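Asks:
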Amino acid sequence: MKKTFIAIFAVIASVLTACSDSASSLVGDAISAAEKEVQITESPVLGTIPSLDQQKKVANDYISDYISKAMDKAEKREEMSELGNKKKAANAEINVIYRDKQIEALKALDGKEVKVTFDESCFSAGKAKIVLTGDTAATKVSGARYQIIVELTAAKDTEICSAQVQDAEGNKLRDLAWFFDSFKNVSEENKIVKYGKASAIKAGGTFTIEIDGINVGTKDTGLKFDHLYFTSGY
179 MKKTFIAIFA VIASVLTACS DSASSLVGDA ISAAEKEVQI TESPVLGTIP SLDQQKKVAN
239 DYISDYISKA MDKAEKREEM SELGNKKKAA NAEINVIYRD KQIEALKALD GKEVKVTFDE
299 SCFSAGKAKI VLTGDTAATK VSGARYQIIV ELTAAKDTEI CSAQVQDAEG NKLRDLAWFF
359 DSFKNVSEEN KIVKYGKASA IKAGGTFTIE IDGINVGTKD TGLKFDHLYF TSGY
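This note's numbering applies: residue 179 is where the sequence shown begins, and numbers increase by one.
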């Protein structure tokens with residue numbers, strides 16, 4: 179009986195190893211295809227992160243297409259189940275590989291200044307920088323995490339701050355906006371109180387805005403992102 183169990187475990191181990199080896203081989207093919215389709219380029223603000231994100235998508239799409247075609251040819255439920263497991267293993271491996279690449283790329287950007295422009299009738303000064311958030315060693319497969327921390331000085335009483343993510347020519351890539359409740363580091367003397375609640379910042383007051391990386395670093399936006407333009411209101 180003991181020998182029988184040992185034999186069974188040996189067979190299971192060999193199957194799992196074969197599945198893992200097969201998935202790793204498929205991952206290699208997927209990454210090669212992704213690297214041919216998407217060249218790693220330096221974006222103006224976010225370095226290689228947007229290119230790596232695009233490569234990861236292409237690699238995962240390659241896996242999906244490969245498994246989908248194999249599923250169409252599969253005749254047995256066991257084959258389909260094995261293919262499903264192979265897809266999960268391959269996707270997980272690709273996500274970890276690109277997570278590590280993105281984390282390394284992001285470490286090089288920590289503290290980098292981001293160009294800020296603004297409507298001078300709304301703001302008198304502005305600056306921004308990239309800041310890593312959390313423990314990069316624990317970053318999940320969704321990608322490296324970062325924020326752009328913006329400091330602005332109001333030129334007039336302001337309750338709404340809006341921004342455009344723009345390319346080098348000043349073309350809008352994305353709109354962003356924040357109400358006063360999202361303003362950070364506003365001193366008490368610079369708060370305007372209405373109906374018993376702070377609702378705006380006084381002219382001359384300074385505040386900060388925290389922009390999550392996902393709002394500026396996805397798809398073509400991340401590749402073209404050159405600077406931020408700020409105004410008040412919508």
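Glycine included, every Cβ here is placed at the ideal spot set by N, Cα and C.
Quick caveat, the model's predicted, so the values are computed rather than measured.
Nearest-angstrom Cα distance between T399 and Q233?
Replies: Counted from its first residue, the sequence shown places residue 399 at position 221. Counted from its first residue, the sequence shown places residue 233 at position 55. Each residue's Cα considered, the two are about 15 angstroms apart.
Asks: For a test of the three-state rule: what should DSSP assign to V216, helix, strand or coil?
Replies: Taking the first residue of the sequence shown as 1, we reach residue 216 at position 38. V216 falls in the coil class under three-state DSSP.
Asks: Tell me the DSSP bridge mates of T331?
Replies: By one-based count along the sequence shown, residue 331 stands at place 153. For T331, which the question treats as bridged, DSSP gives the partners A303 and T384.
Asks: Does the distance from the CB of Y412 to the CB of A355 come in under 8 angstroms?
Replies: By one-based count along the sequence shown, residue 412 stands at place 234. By one-based count along the sequence shown, residue 355 stands at place 177. Yes, the Cβ-Cβ distance between Y412 and A355 is below 8 angstroms.
Asks: Taking the alpha-carbon of K214 as reference, which of L230, K362, P222 and L224 has the nearest alpha-carbon?
Replies: Within the sequence shown, numbered from 1, the residue matching residue 214 stands at position 36. That would be L230, whose Cα lies nearest to the Cα of K214.
Asks: How is the alpha helix (DSSP H) around V343 delimited, first residue to last?
Replies: Working through the sequence shown from its first residue, we reach residue 343 at position 165. From DSSP, V343 is part of no alpha helix (DSSP H) but of the beta strand (DSSP E) over I338 to Q344.
Asks: Quick one: residues in its chain with C-beta nearer than 7 angstroms to the C-beta of S203, no 5 flanking neighbours on either side, listed in chain order?
Replies: Mapped onto the sequence shown, residue 203 falls at position 25. Closer than 7 angstroms at the Cβ level, and outside the excluded window around S203, lies no residue.
Asks: Between the beta-carbon of G383 and the beta-carbon of A303, is there less than 8 angstroms?
Replies: Position 205 of the sequence shown holds residue 383. Position 125 of the sequence shown holds residue 303. No, they are not a contact pair.
Asks: Could you name the residues of the same chain whose beta carbon sits closer than 6 angstroms to that of I245, not counting the 5 residues immediately before and after it, in chain order?
Replies: Position 67 of the sequence shown, counting from 1, holds the residue named residue 245. These residues qualify, in order along the chain: L261 and K265.
Asks: What are the start and end residues of the beta strand (DSSP E) that includes R352?
Replies: Locating residue 352 in the sequence shown gives position 174, where the first residue counts as 1. That run of the beta strand (DSSP E) goes K350 to F357.
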